[in-house]
Amino acid sequence: MGSHYRTGMITCANCDTPQFLQITQSRVYFEDGEMINEISETYECTLCGSTGQYAYDDDRDEETVTGDVTLTKERPKFA
Ligand SMILES: [Zn+2]
Numbered sequence: 865m866g867s868h869y870r871t872g873m874i875t876c877a878n879c880d881t882p883q884f885l886q887i888t889q890s891r892v893y894f895e896d897g898e899m900i901n902e903i904s905e906t907y908e909c910t911l912c913g914s915t916g917q918y919a920y921d922d923d924r925d926e927e928t929v930t931g932d933v934t935l936t937k938e939r940p941k942f943a
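Numbering (our numbering), first residue to last: 865 to 943.
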């Protein structure tokens, strides 16, 4: 834990908040057994049931999200 790879906030596209998201699956791929090469996380919103995936590619320093989640660089909007 304590990774600092993520630059943004994962939010539920439906609820527009990260409050109810939980990680249901997390995979980390290592390069040379040491450096983190790729990260894949599956999220589920416990409020509306939406699911989505977050992936981080260290080679390209690129974050991508698919499904019903969005990646925002801004501060989350808490009610
Ligand atoms: Zn939701």
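Heads up, the beta-carbon is just placed ideally off N, CA and C, and yes, glycines get one too. Keep in mind that this is a model prediction, so the values were computed, not measured.
With 16 other CB atoms within 10 Å as the buried threshold, where does residue i fall?
i: cysteine 876; result: buried
i: serine 867; result: Low local confidence applies: a pLDDT of 48 at serine 867 is under 50, so the model's placement there is unreliable, with the coordinate-based value given in what follows. So serine 867 ends up on the exposed side.
i: isoleucine 874; result: buried
i: cysteine 912; result: exposed
i: glycine 916; result: buried
i: valine 933; result: buried
i: glutamate 898; result: exposed
From residue i to residue j, what distance separates their C-alpha atoms?
i: glutamate 902; j: threonine 930; result: 16 Å
i: asparagine 878; j: isoleucine 887; result: 17 Å
i: phenylalanine 894; j: aspartate 923; result: 11 Å
i: lysine 937; j: glutamate 927; result: 11 Å
Please tell me whether, using a cut-off of 8 Å, the distance from the CB of residue i to the nearest non-hydrogen atom of ligand 1 is below it.
i: phenylalanine 894; result: no
i: aspartate 932; result: yes
i: asparagine 901; result: no
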